[in-house]
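Contents: one structure, followed by commentary.
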Amino acid sequence: MFSSAPLLLDTFRHARQSGRLAHAYILFGPAGIGKKALAFDLARLLLCPKGGCNACDVCQRIKTFNHADFRLIEREDGDKVLKIEKIRDMMGEIHLAPMEGQNKVFLINECHLMNEESSNALLKTLEEPPANSYLFLLTDMPEALIDTIRSRCQEFRVPPRPANEIARILSIELSLSDDEAMFLAKMSEGSIGQARKLHEQNAHETCKWILEKFQDLNQLNELTFAGELESRIKSADGSKTEHHRQEFRRYLSLINSVWRDMLYRALGIPSTRFFHSDAQALGLYNQLNLTAPRALAGLELSFEAEEWMRRNANFTLAVENYSVELCRLMTGKVH
Ligand SMILES: [Zn+2]
361 MFSSAPLLLD TFRHARQSGR LAHAYILFGP AGIGKKALAF DLARLLLCPK GGCNACDVCQ
421 RIKTFNHADF RLIEREDGDK VLKIEKIRDM MGEIHLAPME GQNKVFLINE CHLMNEESSN
481 ALLKTLEEPP ANSYLFLLTD MPEALIDTIR SRCQEFRVPP RPANEIARIL SIELSLSDDE
541 AMFLAKMSEG SIGQARKLHE QNAHETCKWI LEKFQDLNQL NELTFAGELE SRIKSADGSK
601 TEHHRQEFRR YLSLINSVWR DMLYRALGIP STRFFHSDAQ ALGLYNQLNL TAPRALAGLE
661 LSFEAEEWMR RNANFTLAVE NYSVELCRLM TGKVH
């Protein structure tokens, strides 16, 4: 069992012990950072007779949504908004006495997806929260909530997790090598959800391919490289051009992990800070021995290509253009 955000959880524990716990909280942070995991920990803190032991029957039933005083409110698959009926159901329940213990806990996931009607309904509950009821509003867009809701809640930013902790979780969950787990953790910017998504997208395998290509880029025909890149992008994600654009941007962000390493190397930053510190990557970096301005030019080229994608430039032409510039940069024929 991995604790979601130990310091934040301690803050809540202290607030509870000293009777300063509020009735409504907004927990915010980027998608996948662990907001829901923290909210589940808080539900255990409030409902478990031992204050969240993670072992007892109550804690187990919270995990499996089988606790009568614990409700998760979220939009249905396919819905774009969190419907008013969900908020009304919650309002009906929140005024009833707890069924099992002392408290009732409600989590509202993606609460920024409430429309005006739902927001106003929730506001009524927040204005007069029943005793022993606790609401946790989870969102990655707190700024999208109406001010009157925000002013009635305490806000907490769920902090990013340290890379080594994410790497540890990934190695256990997915039996990954240390190199891969650490690479995904560093790319995830502290979000376990993002790290898992990168794994599903085979980010590490894609980087291996990128490193391999960089090794040969000065001998490679630029249009051969462009063709290979284009077919990889197309095979990964359907037939829609919009998907190809997104996939190209994903490739660019992975390519940037290599450029950033080479920039770090040129600046004398230790390889423990690199995204890739395996033998293949370090061998390539030593072989290329790029200066900082050239590594920066590589990053700038990626940013430029991302901009083309944002502006809906022709996908095939953009890949070709990018490949030509990339090969020029690698062979030193920069203009
Ligand atoms: Zn327990």
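Following the working numbering, the numbering of the sequence shown begins with 361 at its first residue and continues without gaps. A virtual CB, placed ideally from N, CA and C, is assigned to each residue, including glycine.
- At a Cβ-Cβ threshold of 8 Å, residue 547 and residue 608 do not count as neighbours.
- In the same chain as residue 506, and ignoring 5 residues on each side of it, the C-beta atoms closer than 7 Å to its own belong to 479, in chain order.
- Here residue 514 is bridged, per DSSP, to 385.
- Short of 7 Å from the beta carbon of residue 422, and not among the five residues preceding or following it, lie these beta carbons of its own chain, in chain order: 400, 403, 404, 407, 430.
- Between ligand 1 and residue 418, a heavy atom-to-CB distance of less than 7 Å is present.
- For residue 431, the pairing in a beta bridge is given by DSSP as 466.
- Using a Cβ-Cβ distance cut-off of 8 Å, the segment 508 to 524 and the segment 613 to 623 are not in contact, since fewer than three pairs of beta carbons, one from each stretch, lie closer than that value.
- The Cβ atoms of residue 673 and residue 650 do not sit closer than 8 Å to each other.
- Excluding its 5 nearest sequence neighbours in each direction, residue 474 has C-beta neighbours in its own chain below 6 Å: 442, listed in chain order.
- DSSP places residue 474 in the strand class (E or B) of the three-state scheme.
- About 11 Å separates the CB atoms of residue 655 and residue 690; that is not less than 8 Å, and the two are not in contact.
- Restricted to the segment 590 to 665, not a single beta strand (DSSP E) segment is unbroken, complete and at least 3 residues in length.
- Taking the CA atoms as reference points, residue 440 sits about 14 Å from residue 433.
- Counting every other CB atom within 10 Å of its CB across the protein chains shown gives residue 499 a total of 16 or more, marking it as buried.
- In this structure the segment 676 to 683 lies against the segment 573 to 591, because at least three pairs of beta carbons, one per stretch, are closer than 8 Å.
- If you check the C-beta of residue 443 against ligand 1, you find no heavy atom less than 7 Å away.
- A Cβ-Cβ distance of about 7 Å is found for the pair residue 659 and residue 620, placing them in contact under the 8 Å criterion.
- Three or more beta-carbon pairs separated by less than 8 Å link the segment 508 to 521 to the segment 483 to 495, which places the two stretches in contact.
- Annotation: the segment 490 to 574 contains the following complete segments of the beta strand (DSSP E) (minimum length 3 residues), in chain order: 493 to 499, 514 to 517.
- In the same chain as residue 588, and ignoring 5 residues on each side of it, the C-beta atoms closer than 8 Å to its own belong to 573, in chain order.
- Residue 520 sits away from residue 493, with the two beta carbons spaced by 8 Å or more.
- Sequence-distant Cβ neighbours of residue 601 in its own chain, meaning closer than 7 Å and more than five residues away, are 675.
- Ranked by Cα distance from residue 537, the first of 457, 491, 444, 638 is 638.
- Residue 497 and residue 563 have their C-alpha atoms spaced approximately 32 Å apart.
- Taken from the Cβ of residue 421, every heavy atom of ligand 1 lies 7 Å or farther away.
- Residue 580 carries a coil assignment under DSSP once its states are collapsed to helix, strand and coil.
- By a beta-carbon distance limit of 8 Å, residue 644 does not contact residue 631. Their separation comes to about 12 Å.
- By the Cβ neighbour-count rule, residue 661 is buried, with 16 or more other Cβ atoms within 10 Å of its own.
- Each residue's CA atom was taken as its position, placing residue 633 and residue 540 some 14 Å apart.
- Between residue 553 and residue 393, the beta carbon gap of about 7 Å places them in contact (Cβ cut-off 8 Å).
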